[in-house]
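Comments concern the structure below.
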Amino acid sequence: MTEENTRPASLKGFSTRAVHAGESRQKPYGSLTTPIIQTSTYTFENSQAVIAHMQRKMAELPLLRGEYGRYTNPTRETVERKLAELDGCEEAMLVASGMAAITTVFLTLLSAGDHLIITEDCYRKTREFALTFLRRLGIGISFVPVEDLEALESAVTPRTRLIFTELPTNPYLRVVDLPRLVEIAHRHGCLLVVDSTFATPFNIRPADYGADLVIHSGTKYLGGHNDLLAGSVAGPADIIHKLKDAQNMLGPTIDPHAAYLLLRGIKTLSLRVQRHNENGQRVAEFLESHPAVRRVFYPGLPSHPDHAIAKKLMAGFGGVVSFEIEGDMERTMRFIDALKIPYVGPSLGGVESIIEQPALMSHFALDKQERERMGIKDELVRYALGIEDADDLIADLKQALDSIL
Ligand SMILES: Cc1ncc(COP(=O)(O)O)c(C=O)c1O
């Protein structure tokens, strides 16, 4: 559905765009904020109004009104326009979760006999979806190390349609050489899909480098307050229209209230991400200096294998720091339990700090050997820093690390 969108004359800066892009200047009732249109359906004045709407739809003209909540919602569409602008893409689709975005992309753009390449490491459910659902549908999958683009190119077959990568990856924060990956994907006629959840459009806009589709779990930094689930895909209009047609059938529709919370969250994205970036850098440097920590993974550290490319491509390195405790599972648990500020749990990107030991959380169902094959050691910790003061976060870490020395 289209809505008149009179933007302020200049929307150059990221913060200005985050606040104003996609929003109608004049909103219903003179409201400053975009209203939550909490409806499942839309009604028509009379039969003639139904016919006029259906005729526009059949002629594929922009629709002037809603018909049903799974297809359209004005609150959701405002977020879609804002995200398209922030991701630097023609259009965007907003759905109920990051996984809904990822699964809709795969199910829509891949068919039986096609081949998909996914770079390691990646979010565990993305991997599981590929290995279960997509395999069952007759889609071939190859996993390749994110740092080995020669291996990636060797894995390309005439049936490869799509290459999927995270930027940075979860949990080791690997940063792929995006311009090289774009060149390889396009030379072989493949679409490149980037899950940029950990970076946000503040730190990098993969479409600027030629990525075809950009995915975010809006649950994380975009929402930013650990209080909603959402997912988005941004890209060229023709692909987004295909994805929206699929969304209309598959039904991973976001609730208008969650869409509003996301809209509200995005307005402060640049302030929050700047703080996450600062906290990430300071905490990573502190952790690297502490004797109870064996190794720190953060792209802002010169010791990170992708530091050079990350510095070239990214405005900042985000709020997630992964590290290994010098010791074993039990010692790592003692460290986590001694912390006072972060909550223990999954997820990231919100104002509250959250910490987890992947062996006990995302990878608990696997035995130790299998976990280690996936690079997940018992003593690995993923710390998703919030926007608290770095001095407090560091003092808290120091007392917890000192307690296990
Ligand atoms: C990189 C990445 N992509 C996608 C997802 C899935 O997002 P959601 O939980 O919103 O479905 C996650 C969740 O942790 C993630 O870390």
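As numbered in my numbering, residues 972 to 1376 make up the sequence shown, in order.
Built from N, CA and C at the ideal position, the CB exists for glycine as well.
- Checking the DSSP bridge columns, you'll see ALA1355 partnered with VAL1291 and ILE1325.
- Each residue's CA atom was taken as its position, placing GLU1091 and VAL1115 some 6 Å apart.
- In the three-state scheme derived from DSSP, where H, G and I count as helix and E and B as strand, PHE1135 is classed as strand.
- Counting the other Cβ atoms within 10 Å of the Cβ of PRO1150 gives fewer than 16, which makes it exposed.
- Shortest gap from the CB of THR1097 to any heavy atom of ligand 1: under 8 Å.
- ALA992 and LYS1053 have their C-alpha atoms some 5 Å from each other.
- Considering only THR1131, ALA1170, ALA1178 and VAL1117, the residue with the shortest C-alpha distance to GLY1189 is ALA1170.
- With at least 16 other beta carbons inside 10 angstroms of its own, TYR1143 counts as buried.
- Taking 8 Å as the upper bound for CB-CB distance, ARG1265 and ILE1296 are in contact here, some 7 Å apart.
- Excluding five sequence positions before and after GLU1359, the CB atoms of its chain that fall closer than 7 Å to its own CB belong to ILE1312 and SER1324, given in chain order.
- According to DSSP, residue pairing for ILE1088 in a beta bridge involves SER1113 and ILE1134.
- DSSP, reduced to helix, strand and coil, places VAL1204 within a strand of the structure shown.
- The C-alpha of VAL1204 lies about 5 Å from the C-alpha of MET1064.
- Per DSSP, TYR1192 has no beta-bridge partner at all.
- By the criterion of a C-beta distance shorter than 8 Å, ALA1122 is surrounded in its chain by VAL1115 and PRO1116, once the five residues flanking it on both sides are discounted.
- With the rule of 3 Cβ pairs closer than 8 Å, the stretch 1215 to 1226 counts as touching the stretch 1033 to 1051.
- Bridge partners of PHE1169 according to DSSP: none are assigned.
- TYR1231 sits in a helix when the DSSP states are folded into three classes.
- DSSP places HIS1024 within a helical segment (H, G or I) once states are collapsed to three.
- Counting the other Cβ atoms within 10 Å of the Cβ of ASN1250 gives 16 or more, which makes it buried.
- The distance from the Cβ of VAL1244 to that of ASN1174 is about 7 Å, consistent with a contact at the 8 Å cut-off.
- The stretch 1252 to 1270 makes contact with the stretch 1285 to 1296; the number of CB pairs closer than 8 Å reaches 3 or more.
- ARG1266 is bridged by DSSP to GLU1295.
- Looking at the backbone, the Cα of LEU1240 and that of SER995 are separated by about 20 Å.
- Not a single heavy atom of ligand 1 lies less than 8 Å from the C-beta of ASP1183.
- Residues ILE1007 and GLN1009 of the same chain have their beta carbon placed closer than 7 Å to that of HIS1228, with the five preceding and five following residues left out of the count.
- A straight-line Cα-Cα distance of about 30 Å links GLU1343 and ILE1155.
- Under the DSSP definition of a beta bridge, ILE1186 partners with ASP1166 and VAL1204.
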